[in-house]
Amino acid sequence: MGTRRHSMEDILELMKDPESLRCVGLVGHIDHGKTTLSDSLLAEAGLLNESLVGEARALDYLEEEQRRGITMKSANVSLYYEKGIREKPFLINLVDTPGHLDFSGKVTRALRLIDGVVVIVDAVEEINSQSEIVVKQALEEAVKPILFINKIDRLYRELKLTNEEIKNKLNHIITTFNSLIDRFSDEKYKIGWKVNPENGSVIFGSALHKWGFTISKILAYNWTFKNISEKYQNDDYEDLASIFPVWESILSAIITHLPNPKESQKYRIKAIWDGKSESDLGKSMLNCDPNGPLVMCMSNIKYDVHGLISTGRVFSGTLRKGDKVYLLDHDSEERIMKVAIYMGARMDNATEIPAGNIAAVGGLKKVRSGETIVSSESKDVMTSFENVKYVSQPVVTVAIEPEMLKNLNSLQENLDHLLIEDPNLFYEISSDTGEVLLSGLGPLHLEVAVKELEEKGMNITVSKPMSVFRESIMNESSEVTVSSSDNTMILSLKVERNDLKTINFLKKIKLTAYPSYTQIITALKKNTSLKKKETNGYIFSDVYGNLVLNGTNNIRFEVYSGRKKQKQQLAQNSKHINQHMIHVKDTLIGEMNTSFRNMFLSGPLCRERLAELKITLTNLELKKLADEHFIADITILLREAVFKALKQTGSVLLEPVYELIIQAPPDQVGAITPLLAQHQSRITEISQNEYSAQLQCYMSVREYIDFSTELRSRTSGRAFWQTHFYSFEEVPENIRDTIITEIKFRKGMFY
Numbered sequence: 001m002g003t004r005r006h007s008m009e010d011i012l013e014l015m016k017d018p019e020s021l022r023c024v025g026l027v028g029h030i031d032h033g034k035t036t037l038s039d040s041l042l043a044e045a046g047l048l049n050e051s052l053v054g055e056a057r058a059l060d061y062l063e064e065e066q067r068r069g070i071t072m073k074s075a076n077v078s079l080y081y082e083k084g085i086r087e088k089p090f091l092i093n094l095v096d097t098p099g100h101l102d103f104s105g106k107v108t109r110a111l112r113l114i115d116g117v118v119v120i121v122d123a124v125e126e127i128n129s130q131s132e133i134v135v136k137q138a139l140e141e142a143v144k145p146i147l148f149i150n151k152i153d154r155l156y157r158e159l160k161l162t163n164e165e166i167k168n169k170l171n172h173i174i175t176t177f178n179s180l181i182d183r184f185s186d187e188k189y190k191i192g193w194k195v196n197p198e199n200g201s202v203i204f205g206s207a208l209h210k211w212g213f214t215i216s217k218i219l220a221y222n223w224t225f226k227n228i229s230e231k232y233q234n235d236d237y238e239d240l241a242s243i244f245p246v247w248e249s250i251l252s253a254i255i256t257h258l259p260n261p262k263e264s265q266k267y268r269i270k271a272i273w274d275g276k277s278e279s280d281l282g283k284s285m286l287n288c289d290p291n292g293p294l295v296m297c298m299s300n301i302k303y304d305v306h307g308l309i310s311t312g313r314v315f316s317g318t319l320r321k322g323d324k325v326y327l328l329d330h331d332s333e334e335r336i337m338k339v340a341i342y343m344g345a346r347m348d349n350a351t352e353i354p355a356g357n358i359a360a361v362g363g364l365k366k367v368r369s370g371e372t373i374v375s376s377e378s379k380d381v382m383t384s385f386e387n388v389k390y391v392s393q394p395v396v397t398v399a400i401e402p403e404m405l406k407n408l409n410s411l412q413e414n415l416d417h418l419l420i421e422d423p424n425l426f427y428e429i430s431s432d433t434g435e436v437l438l439s440g441l442g443p444l445h446l447e448v449a450v451k452e453l454e455e456k457g458m459n460i461t462v463s464k465p466m467s468v469f470r471e472s473i474m475n476e477s478s479e480v481t482v483s484s485s486d487n488t489m490i491l492s493l494k495v496e497r498n499d500l501k502t503i504n505f506l507k508k509i510k511l512t513a514y515p516s517y518t519q520i521i522t523a524l525k526k527n528t529s530l531k532k533k534e535t536n537g538y539i540f541s542d543v544y545g546n547l548v549l550n551g552t553n554n555i556r557f558e559v560y561s562g563r564k565k566q567k568q569q570l571a572q573n574s575k576h577i578n579q580h581m582i583h584v585k586d587t588l589i590g591e592m593n594t595s596f597r598n599m600f601l602s603g604p605l606c607r608e609r610l611a612e613l614k615i616t617l618t619n620l621e622l623k624k625l626a627d628e629h630f631i632a633d634i635t636i637l638l639r640e641a642v643f644k645a646l647k648q649t650g651s652v653l654l655e656p657v658y659e660l661i662i663q664a665p666p667d668q669v670g671a672i673t674p675l676l677a678q679h680q681s682r683i684t685e686i687s688q689n690e691y692s693a694q695l696q697c698y699m700s701v702r703e704y705i706d707f708s709t710e711l712r713s714r715t716s717g718r719a720f721w722q723t724h725f726y727s728f729e730e731v732p733e734n735i736r737d738t739i740i741t742e743i744k745f746r747k748g749m750f751y
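For the sequence shown, the positions run 1 to 751 when this note's numbering is used.
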């Protein structure tokens, strides 16, 4: 193993050579061995005592992670690796990621930083739901995978398989893995990115016992799997760690098969950035140019004693302490006060970090996850990076109340900090009950968030987890017309349900990614089912699939209130064409958007958030000039008209549905299927072999909350399952009224 810790000077020098860099993540299903493997890699770099490998879980540096034995936050470390005495050294920027799907958002954000992943798969459990999801996530971000089949020792010690059975099992894992690359990767990578034991892109081993090898390595030693089998039969496997050290096989495969930043950015930039690659900025990122303008994408944000620390990838230019930078999404300029690299829980300071590296930044008070940071002179020509594509969204909620009302402001402040660190959390204060409703990806996600609040000194009471609900409509309304009390303003509109393609795009659209209004319109035309006239009338959208369009002939919005505040192109002499043209000034746009957001907060059924609505303004008449009360007046009419239209359309209650995948011993299937039926799940597939069974189904989050406890009891803890958000669907008609009554009762709407 590593005999010394390399100096900061050694690491900073390597950072200047992008061909010597690798930005890599460890990903895989929960408990398949990611953090245990990282211990061996840290020990090789001299950052961990070799005797603690497999026990220290050094990158699980949070007390809660150590207590639960699972990774809940991504951890970064830079490893100095000398492949051979005569060969040049390498710097491997390593990210260990969570395996539980309640923390999948952290995996998604980590993938934006890296170019390759080591996918770790348990040899017994094989490729399962989370393995498939992380491979899909990586391929969508154009991140190249290699495969480590871990826990080979279990095949000998627990299953006691023959060598032929082991060969068949391992071949099945590799074939399944390559089928995922076939399904999810871009066409040009389907062949070149498939793993192959013969070329060393598949590693076999046991992270716990610290050994691992590629086929070429074991053949060079004149061994086969039979020799490994004999070692375990004779309980004489301890020297395998010195014969085939796992760190050597993993790091060698990373260097050989995963790309350096200069290689990867030539194709990755086009996958994660919607700007013009032929521009000067685009060329600088494609070439990973340290001398170009600074471009950095921020991924993770956390608080420390000095304030916000953000982690990001430098795609162009050089990050320097003291430089002024521009935050595109927040539309503000700030100064970098700290530059550092991560060494697990510790950060080592640096003065500058060039393109191709992962860096920590301090001093940016308004930075948030997903932010794009550029040199100030590039702010008007840079397009933000695309939103990260989360596999889930907040669908479970708990009500939180401070024990003393005077602590409500303190609770909100701590929640704001939590949301900055974890954008997959969301909270709002109920207008009905005054409760603080905290939503997350699942019960465990919320449990950990609540624990963090308590550790910050908050004395709070927390409700049982509940499903999130939303309201939408069944049918399209006719044109609805309303007028002000003095008849000086008349407004007409119609309401309909957005289509799925448009909804999916609106959920991920990042308006600050588009410097101008024209680019937003182009993106809507390209990615939605909206007609040309509709896209040209775009006014407002939100992540819940709601959309407001201007379909009138006499309203014009003077500017798009976005990052560049560029004027829309108005028809020439439009005022002369229509003397009654209403021009909404830029000073009113923000206020109008706020009114739209508020309008969707409460539906007519039970005051749940409205979703998936398309509202088209069809006419607006003013019998007096628009004055300072214009927005207030139009807001009142908008809400009146929308709710009048909703009475025509008929309302539906929507609830989130999980895709649920359960793995258990084959003899447990008979106990699980009746429980699934009891909780109204839709079973889509049951498959099994002699070692395990897998059941795939869809279940409402409402049912899942109790189901998880019952499943653990029914199977005596022998079943393992994972969930991820699938879609929002209508609540079944036979229980809709009961659920609405329960929601109203909880909100005190009967009193």
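Just so you know, even glycine gets a beta-carbon here, dropped at the ideal spot from N, CA and C.
| Which residues in the same chain as R67 place their Cβ atom closer than 8 angstroms to its Cβ, once the five residues preceding and following it in sequence are excluded? | Sequence index remark: in the sequence shown, residue 67 carries index 67 (1-based). Below a pLDDT of 50, predicted positions are generally treated as unreliable, and R67, at 43, falls in that range; no measurement from the model is reported.
| field | Enclosing alpha helix (DSSP H) for W247 [first to last residue] | value | Start at 1 with the first residue of the sequence shown, and residue 247 comes out as number 247. Note, W247: alpha helix (DSSP H), V246 to H257.
| request: Look at the alpha carbon of S206 and the alpha carbon of L547, and state the distance between them as a whole number of angstroms. | output: Indexing the sequence shown from 1 puts residue 206 at position 206. Indexing the sequence shown from 1 puts residue 547 at position 547. Whole-angstrom Cα-Cα distance: 52 angstroms.
| query | Where does G650 fall in DSSP's three states? | reply | Translated into the one-based positions of the sequence shown, residue 650 becomes position 650. In the three-state reduction of the DSSP assignment, G650 falls in the coil class.
| query | What whole-angstrom Cβ distance do I203 and I250 have, given they're in contact under 8 angstroms? | reply | For this step, residue 203 is matched to residue 203 along the sequence shown. For this step, residue 250 is matched to residue 250 along the sequence shown. Between the beta-carbon of I203 and that of I250 there is about 6 angstroms, and that keeps the pair under the 8 angstroms contact cut.
| message | Suppose you measure from the CA of V53 to the CA of T36; what does that come to, to the nearest Å? | response | Position 53 of the sequence shown, counted from the first residue, corresponds to residue 53. Position 36 of the sequence shown, counted from the first residue, corresponds to residue 36. Residue placement at V53 is flagged as unreliable, the pLDDT there being 45, under the threshold of 50; the coordinate-derived value follows with that caveat. One Cα belongs to V53, the other to T36, and the distance between them is close to 7 angstroms.
| said: Would the region 351-369 count as touching the region 391-404 if we require 3 or more Cβ pairs under 8 angstroms? | reply: Three or more Cβ pairs closer than 8 angstroms define a contact, and the region 351-369 falls short of that threshold against the region 391-404.
| request: Below 8 angstroms CB to CB, which residues in the same chain sit around I521 once its five sequence neighbours on both sides are set aside? | output: Here residue 521 corresponds to residue number 521 of the sequence shown, with the count starting at 1. If we look at I521 and ignore the five residues flanking it on each side, its Cβ neighbours are T535, N536 and Y538.
| Are the region 666-678 and the region 502-512 touching, with three or more C-beta to C-beta distances below 8 angstroms? | As far as the Cβ criterion goes, the region 666-678 does not touch the region 502-512, which means the pair count is below three.
| task | Determine the DSSP secondary structure at I191, reduced to helix, strand or coil. | result | Stepping through the sequence shown from its first residue, residue 191 is reached at position 191. It is coil, neither helix nor strand.
| task | Would you tell me roughly how many angstroms separate the C-alpha atoms of Q765 and E640, rounded to the nearest one? | result | The question about residue 765 has no answer, for the chain in this structure spans 1 to 751.
| query | Rounded C-beta distance between L438 and L364? I'm assuming under 8 angstroms. | reply | One-based indexing of the sequence shown puts residue 438 at position 438. One-based indexing of the sequence shown puts residue 364 at position 364. The beta carbons of L438 and L364 sit about 26 angstroms from each other, so the pair does not count as a contact at 8 angstroms.
| query | When the Cα atoms are used, what is the spatial distance from A611 to V543? | reply | Within the sequence shown, the letter at position 611 stands for residue 611. Within the sequence shown, the letter at position 543 stands for residue 543. Their Cα atoms are separated by approximately 9 angstroms.
| query | Are K276 and L328 touching if we call contact CB-CB under 8 angstroms? | reply | In the sequence shown, the residue the question calls residue 276 occupies position 276. In the sequence shown, the residue the question calls residue 328 occupies position 328. No.
| task | In the DSSP assignment, find the unbroken alpha helix (DSSP H) run with D667 in it and report its ends. | result | For this step, residue 667 is matched to residue 667 along the sequence shown. Counting along the chain, no alpha helix (DSSP H) covers D667, and no H or E run does either.
| request: Measure the alpha-carbon distance for Q519 versus L491 and round it to whole angstroms. | output: Taking the sequence shown and counting its residues from 1, one reaches residue 519 at position 519. Taking the sequence shown and counting its residues from 1, one reaches residue 491 at position 491. Straight-line Cα distance between these residues: approximately 29 angstroms.
| request: Have a look at S131 and T175 and give me their C-alpha separation to the nearest angstrom. | output: Sequence index remark: in the sequence shown, residue 131 carries index 131 (1-based). Sequence index remark: in the sequence shown, residue 175 carries index 175 (1-based). S131 and T175: Cα-Cα distance of roughly 14 angstroms.
| query | What residue from V462, D416, V325 and K614 has the CA that sits closest to S529's CA? | reply | The residue labelled residue 529 in the question sits at position 529 within the sequence shown. Answer by Cα proximity: K614.
| request: With a 10 Å radius around its C-beta and 16 neighbouring C-beta atoms as the bar for buried, classify V305 as buried or exposed. | output: Position 305 of the sequence shown, counted from the first residue, corresponds to residue 305. That one is exposed.
| task | Rank R112, R746, I743 and V107 by C-alpha distance to the C-alpha of K270 and give the top, closest one. | result | Numbered from its first residue, the sequence shown carries residue 270 at position 270. For K270, the closest of R112, R746, I743 and V107 by C-alpha to C-alpha distance is R112.
| said: Let's test the definition: count the other Cβ atoms within 10 Å of the Cβ of S38 and tell me whether it reaches 16, buried, or not, exposed. | reply: Here residue 38 is taken as the residue at index 38 of the sequence shown, counted from 1. Result: buried.
| task | Would you kindly report the start and end of the unbroken alpha helix (DSSP H) that includes K151? | result | Start at 1 with the first residue of the sequence shown, and residue 151 comes out as number 151. Per DSSP, K151 lies in no alpha helix (DSSP H) segment and is marked neither H nor E.
| Which class does G116 belong to by DSSP, given the choice of helix, strand or coil? | By 1-based counting over the sequence shown, the position of residue 116 is 116. DSSP, reduced to helix, strand and coil, places G116 within a strand of the structure shown.
| query | So, using beta-carbon positions, are E333 and K321 closer together than 8 angstroms? | reply | Here residue 333 is taken as the residue at index 333 of the sequence shown, counted from 1. Here residue 321 is taken as the residue at index 321 of the sequence shown, counted from 1. No.
| field | Cross-strand partners of N734 (DSSP beta bridge) | value | One-based indexing of the sequence shown puts residue 734 at position 734. None, per the DSSP bridge assignment.
| query | Would you say V143 and V117 are within 8 angstroms of each other, going by their C-beta atoms? | reply | Within the sequence shown, numbered from 1, the residue matching residue 143 stands at position 143. Within the sequence shown, numbered from 1, the residue matching residue 117 stands at position 117. Yes, the Cβ-Cβ distance between V143 and V117 is below 8 angstroms.
| message | Can you check which of these residues, P290, E403 and F184, is closest to M15 by C-alpha distance? | response | Taking the first residue of the sequence shown as 1, we reach residue 15 at position 15. Of the listed residues, the one whose Cα sits closest to M15 is P290.
| Do you know offhand how far Q696's Cα is from S681's? | Looking up residue 696 in the sequence shown gives position 696. Looking up residue 681 in the sequence shown gives position 681. Our two residues, Q696 and S681, have alpha carbons roughly 10 angstroms apart in a direct line.
| task | Let me know if H32 comes out buried or exposed under the rule of 16 or more other beta-carbons within 10 Å of its beta-carbon. | result | Stepping through the sequence shown from its first residue, residue 32 is reached at position 32. In the assembly as shown, H32 is a buried residue. Its beta-carbon has 16 or more other beta-carbons within 10 Å.
| request: Would you kindly report the start and end of the unbroken alpha helix (DSSP H) that includes V448? | output: As a first step, residue 448 must be located in the sequence shown, where it is residue number 448. DSSP places V448 inside the alpha helix (DSSP H), whose first and last residues are P443 to E455.
| Expressed to the nearest angstrom, what Euclidean distance is found between the alpha-carbon atoms of I661 and I686? | Your numbering for residue 661 matches position 661 in the sequence shown. Your numbering for residue 686 matches position 686 in the sequence shown. Their Cα atoms are separated by approximately 10 angstroms.
| message | Can you list, in chain order, the residues of its chain with a C-beta nearer than 7 angstroms to that of D10? Leave out the 5 residues immediately preceding and following it. | response | For the purposes of this step, residue 10 is taken as residue 10 along the sequence shown, with counting starting at 1. Non-local beta-carbon contacts of D10 in its own chain, meaning distances under 7 angstroms to residues more than five positions away in sequence, involve Y80 in chain order.
| When the Cα of F244 is compared with those of A220, E413, P261 and H257, which residue comes out closest? | Position 244 of the sequence shown, counting from 1, holds the residue named residue 244. Residue A220 is the option with its Cα nearest to F244.
| query | What do you get for G192, buried or exposed, if any count of 16 or more other CB atoms within 10 angstroms of its CB means buried? | reply | Within the sequence shown, residue 192 is the residue found at index 192, counting from 1. Counting Cβ neighbours within 10 Å, G192 comes out exposed, since fewer than 16 surround it.
| field | L637 vs S484 beta-carbon contact at 8 angstroms | value | Against the sequence shown, residue 637 aligns to sequence position 637. Against the sequence shown, residue 484 aligns to sequence position 484. For the pair L637 and S484, the CB atoms are nearer than the 8 angstroms cut-off.
| What does a CB cutoff of less than 6 angstroms around F540 pick up in its chain, not counting 5 residues either side in sequence? | What you label residue 540 is simply residue 540 of the sequence shown in a count that begins at 1. V548, N593 and F596, listed in sequence order.
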